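If you're matching positions, the sequence shown starts at 1 in the UniProt record's numbering and goes up one per residue.
Quick reminder that beta carbons are idealized off the backbone N, C-alpha and C, glycines included.
Predicted model, so just to flag it, every value in this text is computed and none were measured.
The structure appears right after this line, and notes come after that.
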Amino acid sequence: MNLIRKSLFCYLIMVSFILSCHAQNNQEINNLVSFAKAYGYVKYFHPSTEADQVDWGWFSVYGSEQVMQCENTEELLQTMQRIFEPIAPTVSFSFAQPSADYPIEAKPTNEQGYLLVYWQHFGVSRDMNKGNPLYRSIKVNSLQKTDGNETPSGETQESNPNKKAGKDELAPAPPLFQGSPKENENWTAQIGKELWISMPLLLYSKDGQTFPKSTTDIEEFMVSGEQTTATDASSLSFRCGNLINTWNVFQHFYPYFTEMSIDWDNELKASLTRTYKSDSDGHVDDLKRLTSALKDNHVSVRGTENPYFAPPIDVAWIEGQLVITEVFDPTMGFKPGDTIEQINGATPQQLYENLRPKISAATQGWFDYIAPILMITGKLNTTLNITVAGKTAELERKLNYYAQKDSIKPSEPGYRFLEDGIVYLNLDAIPMDTINKIMPQLEKSKAIIADVRGYPNNNHELIRHLISKKDDHKWMQVDHFIYPDQQQIPGYSDFGWSMEPKDPFLGDKKVIFITDGRAVSYAESYLGFIEGYKLATIIGQPSSGTNGNVNSFTLPGDYIISFTGMRVLKHDGSQLHGIGFLPDAYVERTIEGVRAGRDEFLEKAIELAKQ
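Below, the structure written as structure tokens:
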């Protein structure tokens with residue numbers, strides 16, 4: 001009997017311990033969610049001078065570490081106020097919805113000489129990698145170089161607004177677009193079950209300093225915090241900080257939440273929960289799982305190591321199986337059309353399903369293109385066991401898949417003159433100057449087949465020879481942001497290619513475009529004209545459904561994440577993202593076709609061209 005009592009007692013202690021840990025984790029995750037929301041609001045929309053001076057990558061980790069220690073909401077409020085005060089003196093946290101009136105402490109008694117500063121984001125460039133000058137973030141009325149160049153920080157900097165402007169001196173930054181936050185407004189939002197944040201989105205600025213000035217020196221604040229802040233993904237707070245940093249970029253600036261029906265708040269909590277069970281080796285996967293919910297083909301998560309080395313084969317997902325399509329080493333014993341039965345003991349179908357939550361794919365076609373690549377690639381010199389026809393071979397990953405694959409394949413011609421006056425153009429390979437050289441033959445041809453199963457080689461000037469009138473479609477849009485959470489968007493700027501017809505006119509011929517799920521971005525800009533102006537018959541499979549200039553950012557630990565920074569539509573104004581351009585005639589690739597060395601898509605195009 002005593003033994004039974006002891007066993008029951010031990011069991012109850014164990015259950016109590018598990019429940020206690022679960023409750024503690026829930027509290028920590030709720031704390032992190034509240035911090036995440038405040039982090040993004042202040043980083044992107046509070047225009048204090050001090051917020052420009054802080055290292056936001058470091059602060060995401062430091063703040064995570066601090067709020068995880070809070071055992072209840074009272075401690076959380078006090079901690080949030082303490083860590084945000086040095087960088088945002090007028091930000092306040094409370095247990096009830098704050099007043100919407102502009103805080104008295106944020107307004108100087110004498111406003112003479114002050115300018116109102118506020119954030120405007122054209123897309124976003126704040127804390128982004130430098131690479132796409134289209135996207136901009138600027139603090140209106142803070143000071144920038146008068147030659148129009150950005151300051152070294154990539155945004156603007158405060159200085160003396162009364163100083164006479166000259167070359168390379170500073171002057172108030174003009175707005176990027178019309179629209180500003182309301183004056184005398186205190187912006188408020190609920191960031192937790194019982195927690196609110198309030199902050200002005202406009203601040204008074206004079207002599208290089210927003211009012212009021214923080215009583216804490218930012219450099220000292222960061223130096224003291226850095227002594228205890230984690231610096232790599234072995235730390236839970238580091239992983240949480242990176243997830244919070246990432247989540248906020250998309251929360252405030254991702255253009256496709258409505259189209260893709262994404263519950264982004266839920267993804268934040270789910271990703272934080274997952275990383276509690278993760279480790280440094282799983283951090284890239286944590287980031288991939290979070291961003292896969294965006295369903296954006298431009299999303300890429302890269303760590304410091306290149307994971308895209310492959311054995312000397314290429315593969316594709318065909319008829320629900322993983323099929324070898326290219327063999328670069330004939331001594332291996334494999335041949336095109338062989339189906340892979342297992343990789344390291346797992347079936348391709350199992351790997352396929354395991355990859356679903358890790359690939360950001362707008363369409364099934366893009367997922368089917370990327371998943372096979374990820375099944376065979378990995379770090380340099382690692383091995384994988386591939387089973388084909390019941391026999392297993394150990395293969396070594398030595399081929400840099402993206403950098404070397406095309407260079408060791410038999411080169412595909414950029415063009416071919418086929419029978420019956422048909423000209424084939426491989427738009428993925430042929431440069432525009434070569435197209436111009438064969439223009440006389442194109443002009444004499446009866447039909448043109450253009451292949452865009454991939455990424456064209458900067459040859460979109462071909463479109464000018466297919467259109468009969470000037471193009472004025474505006475199909476790319478960059479949103480303007482002045483409020484958090486993509487609220488009250490004042491408008492957007494739209495763009496097109498503004499192409500004009502050019503001789504010789506080729507649009508009077510039978511023109512056929514081949515495409516499939518590999519056609520992404522620039523390829524879909526191409527296809528937009530083909531479909532929008534009805535310039536050709538499109539055959540094959542739907543394109544990938546993602547277009548627009550890419551933006552990217554780097555997290556602590558040198559993790560780089562890229563994404564689509566603008567909205568792109570079809571030429572008739574309908575949705576492109578997640579749909580792609582649909583073919584007029586569908587074609588399926590078959591395993592038998594691979595074995596026979598046939599290109600079934602091209603065969604169908606030739607058949608139509610001859611009709």
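Minimum C-alpha distance to residue i - residue among the options
i, options, result
"Leu243", "Ile262, Leu290, Arg453 and Arg302", "Leu290"
"Thr387", "Ile373, Gly333, Ala230 and Tyr402", "Gly333"
"Tyr402", "Glu353, Asp314, Val423 and Ile87", "Asp314"
"residue 616", "Lys37, Ala100 and Gly337", "With the chain running from 1 to 611 in the structure shown, residue 616 is simply not present."
"Val452", "Asp52, Phe221 and Arg518", "Arg518"
"Thr564", "Leu374, Asp232 and Val478", "Val478"
"Ser64", "Leu462, Ser235 and Arg598", "Ser235"
"Asn297", "Gln81, Phe367 and Ile482", "Phe367"
"Leu395", "Thr554, Ser142 and Leu380", "Leu380"
"Asn30", "Asn72, Glu603 and Asp55", "Asn72"
"Glu183", "Pro174, Gln53 and Ile482", "Ile482"
"Leu32", "Leu268, Glu169, Phe45 and Gln120", "Leu268"
"Glu169", "Gln144, Ser237, Gly454 and Glu185", "Gln144"
"Val125", "Leu195, Phe601, Glu603 and Phe250", "Note on identity: in this sequence residue 125 is Ser, with Val being the wrong assignment. The shortest Cα separation from Ser125 among Leu195, Phe601, Glu603 and Phe250 belongs to Phe250."
"Gln350", "Ile138, His473 and Ala371", "Ala371"
"Ala96", "Ile104, Pro86 and Gly192", "Gly192"
"Gln611", "Lys446, Ser94, Val568 and Ile373", "Lys446"
"Ile514", "Leu203, Phe601, Glu443 and Gly545", "Phe601"
"Pro47", "Phe328, Gly208 and Gln178", "Gly208"
"Gln66", "Ser34, Met199 and Gly540", "Ser34"
"Ile87", "Gln120, Lys107 and Phe45", "Phe45"
"Phe59", "Leu203, Arg239 and Gly593", "Arg239"
Per-residue DSSP class, three states only, for residue i
i, result
"Ser135", "Position check: residue 135 holds Tyr in this sequence, whereas Ser was assumed. Note: Tyr135 maps to coil in three-state DSSP."
"Asn248", "helix"
"Asp314", "strand"
"Tyr44", "helix"
"Phe17", "Reliability of the predicted coordinates at Phe17 is poor, the pLDDT of 47 falling under 50, and the value obtained from them is presented with this limitation in mind. In the structure shown, Phe17 sits in a helix (DSSP, three-state: H, G or I)."
"Met476", "strand"
"Arg567", "strand"
"Gly225", "helix"
"Gly597", "coil"
"Thr151", "For Thr151, the predicted structure reports a pLDDT of 43, less than 50, and the residue's modelled location is therefore unreliable. A value from the coordinates is still provided. Coil at Thr151, not helix or strand."
"Leu466", "coil"
"Val520", "coil"
"Tyr114", "coil"
"Ala38", "helix"
"Gln575", "strand"
"Gln488", "coil"
"Gln27", "helix"
"Leu243", "helix"
"Leu322", "strand"
"Met332", "helix"
Residues sharing a beta bridge with residue i, DSSP
i, result
"Thr188", "Ser198"
"Ala450", "Leu425 and Phe513"
"Val327", "Ile313"
"Ser562", "Ser300 and Ser552"
"Ile343", "Ala346 and Ile386"
"Tyr586", "Gly540"
"His121", "Ser137 and Phe481"
"Asp232", "Note: Asp232 sits in no beta bridge, so no partner."
"Val210", "According to the sequence displayed, residue 210 carries Thr and not Val. Answer is Ser205, bridged to Thr210."
"Asp101", "Glu185"
Start and end residues, alpha helix (DSSP H) containing residue i
i, result
"Lys534", "Run containing Lys534: none; DSSP gives neither H nor E here."
"Trp56", "Trp56 to Met68"
"Phe601", "Glu600 to Lys610"
"Gln78", "Thr73 to Phe84"
"Gln53", "Thr49 to Gln53"
"Glu259", "Phe257 to Met260"
Residue interval of the beta strand (DSSP E) (run including residue i)
i, result
"Arg302", "Ser300 to Arg302"
"Ala270", "First-last for Ala270: Trp264 to Thr275, but that is the alpha helix (DSSP H), not the beta strand (DSSP E)."
"Ser94", "Ser92 to Ser94"
"Val550", "Val550 to Leu555"
"Asp494", "Tyr492 to Phe495"
"Ser205", "Leu203 to Lys206"
"Val284", "Careful: Val284 lies outside any beta strand (DSSP E), inside the alpha helix (DSSP H) at His283 to Ser292."
"Lys130", "No beta strand (DSSP E) holds Lys130; DSSP gives it neither H nor E."
"Ala173", "No beta strand (DSSP E) holds Ala173; DSSP gives it neither H nor E."
"Gln144", "Leu143 to Lys145"
Curious, which full-length alpha helix (DSSP H) runs of at least 4 residues does the stretch 416–446 contain?
-> 432–437 and 439–444
Identify every run of the alpha helix (DSSP H) within the stretch 350–407, keeping only runs that are complete inside it and at least 4 residues long; order them along the chain.
-> 364–376
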